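Written out below as structure tokens is the structure these notes cover.
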Amino acid sequence: MEFDQQEFVVYPRYGVGRVLGVTKKEFAGQSERCLGIRFEEQNLALYIPVHRLEQVRLRSVMSRSMTTQVMSAMKSRARYDTANSHKERVKHYQEKFNTGDPVEMAEVARDLARLSKRQDLSMEEEGLCRDSINLLAREIAISRKADLQRVRKDIEEVLYR
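Quick note, the working numbering runs 334 ahead of the 1-based positions in the sequence shown.
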């Protein structure tokens, strides 16, 4: 996996960041090549060992054509099971979110947003919904070179229609 310096990347656990470059870092007395990433929103810099990039599901920002698929997924019919407990739903949606796949994240946002119109969400569900929307909005805004607030508004209009 190769990333260019200053390229935007997505780390599902932290969101969208910008590549600082590859540097050597010491871990437990051993020197490792690490990719530095700056996450502006959290005022955080992470250094991930290069051999772990795939394991942590680091990826490039979605393509412009993928943004269309993501928006279509958000517009499609929600699939949630109100018979499941909120703990089962949280586990299911957390697994989907952690895949790092933009369409899976869009489905998490869609299902939880639509479910919130039928019943109160748990704090964990609200957090997952919010995190999915925020991550997708930032990523779509970067991909389309669009205003973040406008993209977020468009997403919320689709999800909460």
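Beta carbons: idealized from backbone N, C-alpha and C, even for Gly.
Values in this document were obtained by computation on a predicted structure and should not be read as measured data.
Residues in its own chain within less than 7 Å of residue i by CB, not counting five upstream and five downstream?
i    : result
R393 : V343, V344, G434
V384 : V356, R367, C368, L369
D338 : V353
In terms of residues, what are the limits of the alpha helix (DSSP H) holding residue i?
i    : result
K425 : 420-432
L462 : 457-478
T402 : 398-409
Q483 : 482-493
D445 : 436-450
Which same chain residues end up closer than 8 Å to residue i when comparing Cβ atoms and leaving out the 5 residues on each side of it in sequence?
i    : result
R478 : R398, T401, V485
A379 : L354, G370, I371, R372, F373
Residues bridged to residue i by DSSP?
i    : result
T357 : C368
V344 : V350, R393
F373 : L378
Residue range of the beta strand (DSSP E) that residue i falls in?
i    : result
L378 : 378-383
Enumerate in chain order the residues of its own chain whose CB-to-CB distance from residue i is below 6 Å, with the five nearest sequence positions on each side excluded.
i    : result
V492 : M408, K409
| query | Any contact of the region 358-373 with the region 417-424, i.e. 3+ C-beta pairs under 8 Å? | reply | Verdict: no, contact absent.
| said: With three or more C-beta pairs closer than 8 Å as the rule, is the region 351-362 touching the region 435-454? | reply: no
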